[in-house]
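Residue numbering for the sequence shown follows UniProt numbering, beginning at 1 and increasing consecutively.
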Amino acid sequence: MRQSLIVLIATLLIVSAFAPATVAGTEAGTVDAGLTQDATCEYPVELTDVTGEEITLEESPDRVVALQPSDAQTVFEIGAEDTLVGMPITEFTSHLEAGDRTDVSAEEGVSVETVIDLEPDVVLAANVTDADTVQQLRDAGVTVYHFDTATSLDDVRENVALTGSLTGECEAAEERLDWMDLRLEAIEEALAEEDRPLAFWAMGFGWTAGENTFQDEILTTAGVENLAAEVGMEGWQEISEEVVVDEDPEWIIYGVDEDGEDPGLSEGAMETTAYEQDQLVAVDANAVNQPGPHVVYAIETIVEAIHPEAYEEAQALVEDAEAEAEADEGEETDADDGTEADDPAPDENETGDDGAEVDDSADEEEAGDDESNDGEDEDDALPGFGVPVAIAAVLSVLGIGIGRRRRR
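Now the structure itself:
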């Protein structure tokens, strides 16, 4: 855990220091790595990445390589893993089913030679990927999409949509975004009247995340105030123990790996009210540190620990919205079949007296399979894939507009 955390912090430091310069170094009006590119799976598709590089995919890719854990996480979450031939196989991807995929990680980052040998149609490179690595791959004729830095949950959403376009899974990416938004909107609604205690995000070794990081938004979305942001810190930085003691947070939040190991708390953190009252929240380190769909799990973990009643309310809102969406889906399917949703009997004008109801049922099953486009039964589908796109409309149950969070 200690060595892995050092690598993580070093990587975040590099991103924090150089990412803005990368963006500024491109021509104005050229860089557009967000949803304003109108994520599409109609090929050929042209996309411009954060470096200003325009890439063209003539057809949906058959061979995809993910260079970073967050890239791999997103590919799995949108159901595009069948095209994934290479990914980093480390403790940061241990929650993913790597199978017989090739490990593209190296001691100091990415094995360029391994990636080239895989002959990918496209390579996904999160912003933490070293620019030299990206250039080496491009010099070898490999198509690489270099993502922008994710400094907010909107950036995470944009990355999910773009990954859908880059892997030919736009519809699945949209469904996963609906899954995310439904839960985040429910949490926002449930927390509306809750107090927001001060919390310290302890990354380990004296590091934390301030404003302009997606971890900051994870904390604020979960109903707490981020200590680092409150004292004016930006990006990922070291924080003095004196500041932590003086601010005296009510809660301390920290990441743990799959074995439950944590980075350890500083002496300053152990002198706070949070530590003395055992108000500590352990969050899956991969969920909170990778800008992918799993950030929702990190947020839910924090809400459940600090605002348990609001967490239960949010879960109820999600269940109600999903139930209503499934009911609406059934009505739409019946309408498509030419039958009334409230009357299972065949219409008197229909031909064929035998088995009309059975045929309608069969048609309904086929419609569901076509919509999911993955051949899975509803019970076997990943969260979000069995829930129809109609959830976006059902979000009105929460009284909050989804458009505010997406496609700005």
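By construction, the Cβ of each residue, glycine as well, lies at the ideal position given by its N, Cα and C atoms.
All values derive from a computational prediction rather than experimental measurement.
Inset, instruction - Compute the distance between the beta-carbons of residue 68 and residue 128, then report whether it is under 8 Å. - result: Yes, the pair counts as a contact, with Cβ atoms nearer than the cut-off.
Inset, instruction - On the DSSP bridge assignment, give the partners of residue 236 in chain order. - result: Answer by DSSP bridge pairing, in chain order: 209.
Inset, instruction - Between the Cα of residue 196 and those of 77, 175, 183, 219, spot the shortest distance and give me the residue it belongs to. - result: Across the set 77, 175, 183, 219, the C-alpha of 219 shows the shortest separation from the C-alpha of residue 196.
Legend entry - the segment 146-156 touching the segment 90-97, judged by at least three CB pairs closer than 8 Å: No, the segment 146-156 does not touch the segment 90-97.
Legend entry - 6 Å CB neighbourhood of residue 249 in its chain, flanking five on each side removed: Setting aside the 5 residues that flank it on each side, residue 249 is surrounded in the same chain by 198, 199, 200, 227, 272, 274, each with a C-beta closer than 6 Å to its C-beta; the list follows chain order.
Inset, instruction - Return the bridge partner residues of residue 254 from the DSSP annotation. - result: Answer by DSSP bridge pairing, in chain order: 202, 282.
Legend entry - Residues of its chain near residue 247, where Cβ-Cβ distance is below 6 Å and the 5 sequence neighbours each way are ignored: Once the five neighbours on either side are set aside, the close Cβ partners of residue 247 are 227.
Inset, instruction - Kindly confirm or deny that the segment 172-188 and the segment 75-86 touch, where touching means at least three C-beta pairs closer than 8 Å. - result: The way I'd put it, the segment 172-188 does touch the segment 75-86; three or more beta-carbon pairs between them come closer than 8 Å.
Inset, instruction - Work out the CA separation of residue 225 and residue 61 for me, nearest whole Å. - result: So the alpha carbons of these two residues sit roughly 42 Å apart.
Inset, instruction - Using three-state DSSP, classify residue 107 as helix, strand or coil. - result: Reduced to three states, the DSSP call for residue 107 is coil.
Inset, instruction - Could you give the DSSP three-state label for residue 125: helix, strand or coil? - result: The DSSP-derived three-state label of residue 125 is strand.
Inset, instruction - Identify the continuous beta strand (DSSP E) that holds residue 87 and give its terminal residues. - result: 84-87 is the extent of the beta strand (DSSP E) around residue 87.
Legend entry - Inter-residue Cα distance where the pair is residue 157 and residue 184: Using only the alpha carbons, I get a separation of about 12 Å.
Inset, instruction - Indicate the three-state DSSP secondary structure (helix, strand or coil) for residue 188 in the structure shown. - result: In the structure shown, residue 188 sits in a helix (DSSP, three-state: H, G or I).
Inset, instruction - Determine the closest residue to residue 73 out of 287, 203, 135, 40, with distance taken between C-alpha atoms. - result: Residue 73 has its Cα closest to that of 287, out of 287, 203, 135, 40.
Legend entry - Bridge-paired residues (DSSP) for residue 47: Beta-bridge pairing links residue 47 to 55.
Legend entry - Exposure of residue 141, with buried meaning 16 or more beta-carbon neighbours within 10 Å: Label assigned to residue 141: exposed.
Inset, instruction - Tell whether a beta-carbon distance below 8 Å holds between residue 222 and residue 215. - result: Not in contact: residue 222 and residue 215 (Cβ atoms no closer than 8 Å).
Legend entry - Cross-strand partners of residue 226 (DSSP beta bridge): According to DSSP, residue 226 bridges with 199.
Legend entry - Local Cβ density within 10 Å of residue 277, reported as buried at 16 or more and exposed below that: Residue burial annotation: residue 277 is exposed, with fewer than 16 other C-beta atoms found within 10 angstroms of its C-beta.
Inset, instruction - Examine the Cβ distances between the segment 185-192 and the segment 288-306 and report whether three or more of them are shorter than 8 Å. - result: These segments touch.
Inset, instruction - Tell me whether residue 203 is buried or exposed, calling it buried when 16 or more other Cβ atoms sit within 10 Å of its Cβ. - result: The residue is buried, with at least 16 neighbouring Cβ atoms inside 10 Å.
Inset, instruction - Using alpha carbons as the reference points, say which of 161, 259, 252 lies closest to residue 267. - result: The option with the nearest alpha carbon to residue 267 is 252.
Inset, instruction - Please look up how many angstroms separate the CB atoms of residue 165 and residue 40, rounded, as I've assumed it's under 8 Å. - result: Correct: roughly 6 Å between the Cβ atoms.
Legend entry - Beta-bridge partners of residue 144, as assigned by DSSP: Note: residue 144 is bridge-paired with 123 in the DSSP secondary-structure output.
Legend entry - Separation of residue 111 from residue 329, as counted between CA atoms: Answer to the nearest angstrom: the Cα atoms are 46 Å apart.
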